[in-house]
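Undergrad:
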Amino acid sequence: MDVVNQLVATGQFTVIKQPLGFMKILQWIFSIFAFSTCGSYSGMFKMSVECKNRSESDLSIEVEFDYPFRLHQVYFDAPTCKGGSPERLFLIGDYSSSAEFFVTIGVFSFLYSMAALSVYVFILEKYREGCKGAQIDFVVTCVFTFFWLVASSAWAKGLSDVKAATDPDKVILLIEACDEPENRCREIHEPVVSGLNTSVAFGFLNLVLWGGNLWFVFKETGWLVAFGGTYAPSQEKAPAPESFGQDGYGQQQGYGQQGDAYSGTQGGYQPDYGQGSYTEGVGDYQQGGYEQQPNSYANQM
């Protein structure tokens with residue numbers, strides 16, 4: 001318990017809230033759904049063979065089949081309607097390869113998702129150290145994405161063949177007694193394959209999850225910087241006239257305009273002062289003051 005408590009105490013559970021960890025949780029969950037819905041399947045269908053001689057009829061022929069869908073090993077007994085012992089018939093087809101491959105990819109996806117999530121939580125620093133762990137994670141994610149594509153496509157085709165091979169209307173054609181018009185053969189119950197349809201849907205959903213997770217893992221590898229480069233903002237300062245022209249010296253225009261206005265005011269005042277008032281005043285002073293003073297002084301003498 002001390003070891004578990006120590007691991008929990010040192011764990012970085014915040015990574016679960018990030019896309020890198022949250023996607024792994026989804027992959028872990030949906031991989032369980034994928035292989036469990038396929039690997040735990042068991043189905044059954046019923047038929048009836050009513051012979052002309054009612055005593056030889058069999059109105060409830062049950063045929064059971066399950067994973068891994070080696071249908072060529074599934075058999076049932078049907079009456080011949082000719083007396084004697086019933087004949088033993090086998091279904092057609094072996095679809096175990098696609099089904100087992102699908103389940104295997106689901107199981108390994110479950111194990112890898114759980115292991116990767118543990119690495120994210122407890123040793124995230126080592127995972128990101130040197131980007132080696134992220135690069136390995138990216139390669140493995142690419143492999144699983146490809147395998148999910150192949151496995152889901154193969155199992156979708158295999159399921160289609162399983163449905164055809166277990167269709168009671170087609171299985172009836174294997175019974176020799178049903179070729180006689182006086183005998184009546186019909187299906188009673190079809191197999192329920194909704195669970196298998198769900199497994200295919202989960203398979204392609206896992207494909208989307210693993211494919212979408214490629215981007216979040218790729219950002220941890222450091223290859224984005226190596227391939228795309230980094231944006232380095234320019235360290236050069238803006239020219240002084242532009243910056244000061246916007247902030248400080250722009251006010252010179254206002255001072256210039258005020259100076260022009262003031263100059264215009266002085267310009268309007270200077271002609272009056274120079275030409276009119278001051279000149280005439282000087283003229284009056286020269287003519288009236290200094291030129292007449294000698295005359296007055298001379299008269300006093």
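In this text, residue positions in the sequence shown follow full-length UniProt numbering: the first is 1, and each later residue adds one. Idealized CB from N, CA, C, for every residue including glycine. Since the model is a prediction, treat every value here as computed from it, not as a measurement.
#1: Curious, which full-length alpha helix (DSSP H) runs of at least 4 residues does the region 201-228 contain?
#2: The alpha helix (DSSP H) with ILE32 in it runs from where to where?
#3: For THR141, does the count of other Cβ atoms within 10 angstroms reach 16, so buried, or fall short, so exposed?
#4: To which residues of the same chain is GLN18 closer than 6 Å at the C-beta, ignoring the five residues directly before and after it?
#5: Can you give, in chain order, each stretch of the alpha helix (DSSP H) that sits fully within the region 105-131 and has at least 4 residues?
#6: Please name the residue in VAL63, ALA151, SER31 whose C-alpha comes closest to that of THR166.
#7: Specify whether the region 76-95 and the region 202-221 touch according to this definition: at least 3 beta carbon pairs, one from each stretch, less than 8 Å apart.
#8: Starting from ASP66, follow the beta strand (DSSP E) in both directions and report where the run begins and ends.
#9: What did DSSP end up calling SER85 once you bin it into helix, strand or coil?
#10: So what does DSSP say about TYR231, is it helix, strand or coil?
#11: Pull up the DSSP beta-bridge partners for ALA134, would you.
#12: On the three-state DSSP scale, how would you describe ARG186?
#13: With C-beta atoms as the reference, is LYS24 less than 8 Å away from TYR127?
#14: Just to confirm before moving on: does the CB-CB distance between SER57 and CYS51 stay below 8 Å?
#15: Would you mind sorting TRP155 into buried or exposed? The rule is 16 or more other CB atoms within 10 Å of its CB.
#16: For GLU176 and PHE45, which I take to be in contact (beta-carbon distance under 8 Å), what is that distance rounded to the nearest angstrom?
#17: When DSSP labels each residue in this structure, what does LYS46 get in the three-state scheme?
#18: Taking buried to mean at least 16 other C-beta atoms within 10 Å of its own C-beta, is ALA115 buried or exposed?
#19: Helix, strand or coil: which one does DSSP assign to PHE146?
#20: Who are the near neighbours of TRP210 in its chain, counting only those whose CB is closer than 7 Å to its CB and skipping five residues on each side?
#21: With a 10 Å radius around its C-beta and 16 neighbouring C-beta atoms as the bar for buried, classify ASN53 as buried or exposed.
#22: Buried or exposed for GLY84, please, with buried defined as at least 16 other CB atoms from any protein chain shown within 10 angstroms of its CB.
#23: Just checking TYR112 against the ligand MN - is the residue's beta carbon closer than 7 Å to any of the ligand's heavy atoms?
#24: What's the C-alpha gap between LYS157 and GLU100?
#25: Going along the chain, which residues of its own chain have a beta-carbon closer than 7 Å to the beta-carbon of ILE105, five neighbours each way excluded?
#26: Do THR221 and GLN135 have their CB atoms nearer than 8 Å?
#27: Using the DSSP secondary-structure output, state which residues sit across from PHE90 in a beta bridge.
#28: Using a threshold of 8 Å, state whether the C-beta atoms of VAL162 and TYR95 are closer than that.
#29: Roughly how many angstroms lie between the CA atoms of THR14 and PHE76, to the nearest whole one?
#30: Following the continuous alpha helix (DSSP H) through PRO168, name the residue where it begins and the one where it ends.
#31: If you reduce the DSSP assignment to three classes, tell me which class GLY250 lands in.
#32: Could you tell me which of ASP137, ILE123, VAL74 sits nearest to ASN213, measuring between CA atoms?
TA: On the basis of the data shown:
#1: 223-228
#2: 19-39
#3: buried
#4: none
#5: 124-128
#6: VAL63
#7: no
#8: 58-66
#9: coil
#10: Its pLDDT being 41, under 50, TYR231 is placed unreliably in this model, and the value from its coordinates should be taken loosely. Here TYR231 sits in coil by DSSP.
#11: Partner(s): none; ALA134 has no beta bridge.
#12: strand
#13: no
#14: yes
#15: buried
#16: With a Cβ gap of about 19 Å, GLU176 and PHE45 do not count as contacting.
#17: strand
#18: exposed
#19: helix
#20: GLN27, THR141, PHE144, THR145, TRP148
#21: exposed
#22: exposed
#23: No copy of the ligand MN appears in this structure; indeed no ligand is present at all.
#24: 13 Å
#25: PHE147, TRP148, ALA151
#26: yes
#27: TYR75
#28: yes
#29: 57 Å
#30: 168-171
#31: Confidence is the limiting factor: at GLY250 the pLDDT is only 43, short of 50, which leaves the residue's position unreliable, though a coordinate-based value still follows. Residue state, collapsed to three classes: helix.
#32: ASP137
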